[in-house]
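Enquirer: Numbering follows the UniProt record's numbering, in which position 67 of the sequence shown is assigned residue number 67; successive positions increment by one, without gaps.
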Amino acid sequence: MRQVAEKDGFEIDGETLQMLLFADDVVLVASKPETLQSLLNEMCHLTERIGLKIHPGKTKWMKNTHCDDFEIKLNNQLVERVEHYVYLGQAIRMDNDLRLELSRRRKAG
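(1) Which same chain residues, not among the five before or five after Ile72, have their C-beta less than 8 Å away from its C-beta?
(2) Using DSSP with H/G/I as helix, E/B as strand and the rest coil, what is Leu102?
(3) Using the Cβ count rule (16 or more neighbours within 10 Å means buried), how would you classify Leu17?
(4) For Asn45, report the span of its alpha helix (DSSP H) as first-last.
(5) Name the DSSP bridge partner or partners of Thr16?
(6) Looking at the structure shown, is Ala30 part of a helix, part of a strand, or coil, going by DSSP?
(7) Is it buried or exposed for Met43, if we count other Cβ within 10 angstroms and need 16 for buried?
(8) Beta-carbon within less than 7 Å of Met19's beta-carbon, same chain only, minus the 5 sequence neighbours each way: which residues are those?
(9) Give the secondary structure of Lys53 by DSSP, where H, G and I count as helix, E and B as strand, and everything else as coil.
If you want it as structure tokens, here you go:
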């Protein structure tokens, strides 16, 4: 995983961010579609080696407006592309629009 991840990611405060990990929640970060696919393939391979499987129906991906359309696959199944997702209770959007997050929090009380 490190061999693929060291080649890509995003720099934040001088550190390269390649993935977010918390319990069974994982976010892979890449600046190129090919790298994202490679990271997902490697993550799938590593989890299978320890007897775990990545659920295709729970796997999603997102892109920013600077990237052309492309497909991501998990075990030859298309992975759904989304405009936002919730990670550790925070709504994540590529356009930094906070209305969804504020609405979600108001409804939650």
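Quick reminder that beta carbons are idealized off the backbone N, C-alpha and C, glycines included.
Expert: Working from what's here:
(1) By 1-based counting over the sequence shown, the position of residue 72 is 72. If we look at Ile72 and ignore the five residues flanking it on each side, its Cβ neighbours are Pro33, Leu36, Gln37, Leu40, Trp61, Leu78, Val79 and Arg81.
(2) Taking the sequence shown and counting its residues from 1, one reaches residue 102 at position 102. Taken through DSSP and simplified to helix, strand or coil, Leu102 comes out as helix.
(3) Counted from its first residue, the sequence shown places residue 17 at position 17. Exposed, because fewer than 16 other Cβ atoms sit within 10 Å of the Cβ of Leu17.
(4) Taking the first residue of the sequence shown as position 1, residue 45 is located at position 45. With the sequence shown as reference, residue 45 is identified as His, and Asn is not the correct amino acid for it. From DSSP, the alpha helix (DSSP H) with His45 extends over Pro33 to Arg49.
(5) As a working mapping, residue 16 is identified with position 16 in the sequence shown. Thr16 pairs with Glu11.
(6) Here the question's residue 30 lines up with position 30 in the sequence shown. Note: Ala30 maps to coil in three-state DSSP.
(7) Locating residue 43 in the sequence shown gives position 43, counting from the first residue. A buried status is given to Met43, since no fewer than 16 other beta-carbon atoms sit within 10 Å of its beta-carbon.
(8) Within the sequence shown, the letter at position 19 stands for residue 19. Annotation for Met19: Ala5, Val26, Val27, Leu28 and Val29 place their beta carbon closer than 7 Å to its own, counting only its chain and skipping 5 residues before and after.
(9) Mapped onto the sequence shown, residue 53 falls at position 53. DSSP places Lys53 in coil when its eight states are reduced to three.
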